[in-house]
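Worksheet: one structure, shown below.
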Amino acid sequence: MVNLIIALNTALIEGILAAFIAVAFAMLFASPSKVLVYIAFGGFITRFCRSFLYTGLHFEIVIACFCACAIMSLLFIYISPKLGVPRPVFTVASIISLIPGMDVYHALISLIQLIDNPIGTTSLIYTMFHHATRCFSIMLAIALGIAIPPLFFYRYRYAK
Amino acid sequence: MEKDLSPLALKAKLLCTLAWRLAQAGAETRLIVQSLKKISCALDIKNNEIGISRSGVIVKLTQGNEQVIEYKEIKFLGINMYQVSRLHKICLQVEKGELLDPKQILHKIRATRPVHYSKNLLIVLEAIAAGAFAYLNDASIAACLCSIIGGIVLMSTRFCCIKRRFFENFAFMLAAFLGCSTTYLCANYVVQLAPDEIPRCMIATSLILVPGFPFINGFLDVFKGYVDIGLIRLFNSLVLTMSAAIGVSLAILLTTGALPW
Numbered sequence: 001m002v003n004l005i006i007a008l009n010t011a012l013i014e015g016i017l018a019a020f021i022a023v024a025f026a027m028l029f030a031s032p033s034k035v036l037v038y039i040a041f042g043g044f045i046t047r048f049c050r051s052f053l054y055t056g057l058h059f060e061i062v063i064a065c066f067c068a069c070a071i072m073s074l075l076f077i078y079i080s081p082k083l084g085v086p087r088p089v090f091t092v093a094s095i096i097s098l099i100p101g102m103d104v105y106h107a108l109i110s111l112i113q114l115i116d117n118p119i120g121t122t123s124l125i126y127t128m129f130h131h132a133t134r135c136f137s138i139m140l141a142i143a144l145g146i147a148i149p150p151l152f153f154y155r156y157r158y159a160k
Numbered sequence: 001m002e003k004d005l006s007p008l009a010l011k012a013k014l015l016c017t018l019a020w021r022l023a024q025a026g027a028e029t030r031l032i033v034q035s036l037k038k039i040s041c042a043l044d045i046k047n048n049e050i051g052i053s054r055s056g057v058i059v060k061l062t063q064g065n066e067q068v069i070e071y072k073e074i075k076f077l078g079i080n081m082y083q084v085s086r087l088h089k090i091c092l093q094v095e096k097g098e099l100l101d102p103k104q105i106l107h108k109i110r111a112t113r114p115v116h117y118s119k120n121l122l123i124v125l126e127a128i129a130a131g132a133f134a135y136l137n138d139a140s141i142a143a144c145l146c147s148i149i150g151g152i153v154l155m156s157t158r159f160c161c162i163k164r165r166f167f168e169n170f171a172f173m174l175a176a177f178l179g180c181s182t183t184y185l186c187a188n189y190v191v192q193l194a195p196d197e198i199p200r201c202m203i204a205t206s207l208i209l210v211p212g213f214p215f216i217n218g219f220l221d222v223f224k225g226y227v228d229i230g231l232i233r234l235f236n237s238l239v240l241t242m243s244a245a246i247g248v249s250l251a252i253l254l255t256t257g258a259l260p261w
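Heads up: the protein sequence lines correspond to chains A and B, in order. Its first residue numbered 1, the first sequence is counted upward by one per residue in my numbering. Its first residue numbered 1, the second sequence is counted upward by one per residue in my numbering.
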């Protein structure tokens with residue numbers, strides 16, 4: 001129970017920071033000012049869900065990312081038609097805080113060391129592939145998390 | 001000029017201009033196609049064929065014996081969500097029947113211009129976002145401050161390069177290199193962070209260069225069946241990511257003393 005409260009607390013702090021990141025990115029891509037509040041909320045929910053599922057409920061990181069993005073996508077399927085603003089305006093900015101930067105870094109460092117240092121090649125290849133695969137999986141989970149929920153709500157595009 | 005156009009030609013021009021503007025503002029392909037279909041339906045256009053590719057938009061309308069083909073070249077796939085939202089609002093107005101005169105719709109579409117926030121405000125906000133990224137990657141407050149300083153240099157370089165009309169890829173590379181190097185200098189010589197914490201703030205600085213919109217739009221396009229334009233968007237985001245990675249790698253090589261000379 002104590003662990004769960006600590007995880008909730010961490011998720012809250014991370015969510016608040018993610019809300020700020022989402023707004024900063026939305027402004028970089030010139031999102032309308034009146035939707036920035038919703039984007040902040042989207043960023044908060046996405047990171048909060050991901051952190052709570054990962055640290056609190058011990059979900060696998062890829063599944064946690066997928067669930068967080070799917071929840072956020074579902075939320076904006078409801079909100080965006082009410083505001084008359086296309087969904088990607090909200091969803092793309094909201095997921096930025098989930099980008100796996102450290103995995104990219106580790107993969108990159110392993111690649112550089114692999115070029116420079118022929119000794120210990122096996123462990124470097126393992127590290128590089130491990131982080132690169134993890135990074136790719138998280139990115140795929142994010143994209144699928146955004147793309148899958150609308151399929152349950154919108155009709156096939158060739159329907160008359 | 002629209003005075004000389006037949007009603008069908010005016011409608012073709014309207015649809016083509018809308019698709020072209022949406023594409024240049026970075027709208028998802030499905031949104032473009034749906035918007036055109038909504039407007040066609042509202043303006044009672046029955047026989048329409050629409051083609052969208054990376055290079056251009058083509059609209060073919062047929063009514064009785066009259067046939068009109070309109071083409072517009074897409075020079076770049078930019079990103080401006082304000083313009084996308086404005087154009088989407090116009091489509092909703094047309095769909096609801098609040099706006100049905102083709103000349104008026106075309107005028108409204110042409111009147112939408114890309115709007116940007118102040119560059120200085122963006123530099124500050126993105127720099128703080130870099131600090132937030134560092135915190136999310138388990139960095140200390142001192143490391144977050146280094147990321148903020150690096151973020152200011154990175155965003156200033158990016159805007160400066162874009163203003164001077166350098167290639168976007170080069171701007172990304174240079175911005176990542178200068179931003180990460182500045183973060184390293186602050187972390188190592190000013191704040192004197194622990195060696196294992198320096199990479200965290202360096203990579204957090206470069207995270208503000210993530211090409212989120214091309215990546216997600218590309219993936220959504222592929223997922224929804226517009227494979228050709230989706231792959232182009234995905235490759236575009238990949239090239240931008242690679243450019244930033246080259247900049248970061250150079251900064252790492254320089255700061256770790258691993259350069260071959």
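Backbone N, C-alpha and C define an ideal beta-carbon position, used for all residues, glycine too. In this text the structure is predicted, and so the values were computed from the model without any measurement.
Which listed residue (the options) has its alpha carbon closest to that of residue i
{"i": "ILE16/A", "options": "ALA64/A, LYS34/A, THR46/A and HIS131/A", "result": "THR46/A"}
{"i": "GLY150/B", "options": "CYS161/B, ILE162/B, VAL124/B and GLU168/B", "result": "VAL124/B"}
{"i": "HIS58/A", "options": "ASN3/A, TYR38/A and TYR126/A", "result": "ASN3/A"}
{"i": "TYR105/A", "options": "LEU234/B, PHE76/B, ASP196/B and LEU22/B", "result": "ASP196/B"}
{"i": "LEU154/B", "options": "LEU136/B, ILE50/B, LEU5/B and SER206/B", "result": "SER206/B"}
{"i": "VAL115/B", "options": "GLU28/B, LEU99/B, TYR82/B and LYS96/B", "result": "TYR82/B"}
{"i": "PHE29/A", "options": "PHE48/A, ILE6/A and VAL89/A", "result": "VAL89/A"}
{"i": "SER237/B", "options": "GLU70/B, PHE215/B and THR255/B", "result": "PHE215/B"}
{"i": "CYS180/B", "options": "ILE39/B, SER249/B, LEU36/B and VAL94/B", "result": "SER249/B"}
Proximity test, Cβ basis, 9 Å: residue i and chain B
{"i": "THR91/A", "result": "yes"}
{"i": "ILE77/A", "result": "no"}
{"i": "LEU74/A", "result": "no"}
{"i": "LEU12/A", "result": "no"}
Reduced DSSP category for residue i - H, G, I as helix; E, B as strand; rest coil
{"i": "GLN192/B", "result": "coil"}
{"i": "ASN48/B", "result": "strand"}
{"i": "LEU61/B", "result": "strand"}
{"i": "PRO260/B", "result": "Confidence at PRO260/B is low in this model, with a pLDDT of 47, below 50, so its placement is unreliable and the value that follows should be read with caution. Reduced to three states, the DSSP call for PRO260/B is coil."}
{"i": "ILE79/B", "result": "coil"}
{"i": "TYR117/B", "result": "coil"}
{"i": "TYR105/A", "result": "helix"}
{"i": "TYR184/B", "result": "helix"}
{"i": "ILE69/B", "result": "strand"}
{"i": "GLY230/B", "result": "helix"}
{"i": "GLY225/B", "result": "coil"}
{"i": "TYR158/A", "result": "Residue placement at TYR158/A is flagged as unreliable, the pLDDT there being 47, under the threshold of 50; a coordinate-derived value is accordingly withheld."}
{"i": "GLY97/B", "result": "coil"}
{"i": "GLY131/B", "result": "helix"}
{"i": "GLY56/B", "result": "strand"}
{"i": "GLY145/A", "result": "helix"}
{"i": "ALA244/B", "result": "helix"}
{"i": "VAL210/B", "result": "coil"}
{"i": "ALA24/A", "result": "helix"}
{"i": "GLY84/A", "result": "coil"}
{"i": "ASP4/B", "result": "helix"}
is_contact[residue i, chain A] using C-beta, thresh 9 Å
{"i": "VAL59/B", "result": "no"}
{"i": "ARG200/B", "result": "yes"}
{"i": "GLU28/B", "result": "yes"}
{"i": "VAL248/B", "result": "yes"}
{"i": "LYS224/B", "result": "yes"}
{"i": "ALA187/B", "result": "no"}
{"i": "ALA42/B", "result": "no"}
Exercise. Quick one, which residues of the region 203-222 of chain B are near chain A if we go by CB-CB under 7 Å, in chain order?
Worked result: Identification of residues in the region 203-222 of chain B having a C-beta nearer than 7 Å to some C-beta of chain A yields ILE203, ALA204, LEU207, VAL210, GLY212, PHE213, ILE216, ASN217, PHE219 and LEU220, given in sequence order.
Exercise. Of all the residues that make up the region 109-136 of chain B, which are near chain A by a beta-carbon distance shorter than 8 Å?
Worked result: Under the 8 Å Cβ criterion, the region 109-136 of chain B contributes PRO114, VAL115, HIS116, TYR117, LEU121, LEU122, LEU125, GLU126, ILE128, ALA129, ALA132, PHE133, TYR135 and LEU136.
Exercise. Touching or not, the region 176-187 of chain B and the region 144-161 of chain B, by the rule of three or more beta carbon pairs under 8 Å?
Worked result: Enough Cβ pairs lie closer than 8 Å, so yes.
Exercise. Between the region 14-40 of chain A and chain B, which residues of the former have a C-beta closer than 8 Å to a C-beta of the latter?
Worked result: Listed by position along the chain: GLU14, LEU17, ALA18, PHE20, ILE21, VAL23, ALA24, PHE25, ALA26, MET27, LEU28, PHE29, ALA30, SER31, PRO32 and VAL35.
Exercise. Just checking, does the region 140-151 of chain A make contact with the region 41-58 of chain B on the three C-beta pairs under 8 Å criterion?
Worked result: These segments do not touch.
Exercise. Any contact of the region 227-244 of chain B with the region 154-163 of chain B, i.e. 3+ C-beta pairs under 8 Å?
Worked result: Result no; under three Cβ-Cβ pairs closer than 8 Å.
Exercise. Between the region 66-95 of chain B and chain A, which residues of the former have CB atoms less than 7 Å from a CB of the latter, in chain order?
Worked result: Within the region 66-95 of chain B, the residues whose Cβ lies closer than 7 Å to some Cβ of chain A are ILE79, ASN80, MET81, TYR82, VAL84, SER85, HIS88, LYS89 and LEU92, listed in chain order.
Problem set entry | Stretch-stretch touch, CB-based, cutoff 8 Å, three pairs: the region 115-127 of chain A with the region 71-87 of chain A | Taking 8 Å as the limit for Cβ pairs, the verdict is that the region 71-87 of chain A does not touch the region 115-127 of chain A.
Problem set entry | Touch test, the region 129-141 of chain A against the region 50-69 of chain A, Cβ-Cβ under 8 Å, three pairs minimum | Contact between the region 129-141 of chain A and the region 50-69 of chain A is present, with at least three C-beta pairs closer than 8 Å.
Problem set entry | Cβ contact (3+ pairs, closer than 8 Å) linking the region 70-77 of chain B and the region 34-47 of chain B | The region 70-77 of chain B is not in contact with the region 34-47 of chain B.
For this session: Could you tell me whether the region 92-112 of chain A touches the region 132-144 of chain B, where touching means 3 or more Cβ pairs closer than 8 Å?
Result: Contact between the region 92-112 of chain A and the region 132-144 of chain B is present: 3 or more CB-CB pairs across the two stretches fall below 8 Å.
Exercise. Can you list, in chain order, the residues of the region 53-69 of chain A whose Cβ is nearer than 9 Å to any Cβ on chain B?
Worked result: Residues: none.
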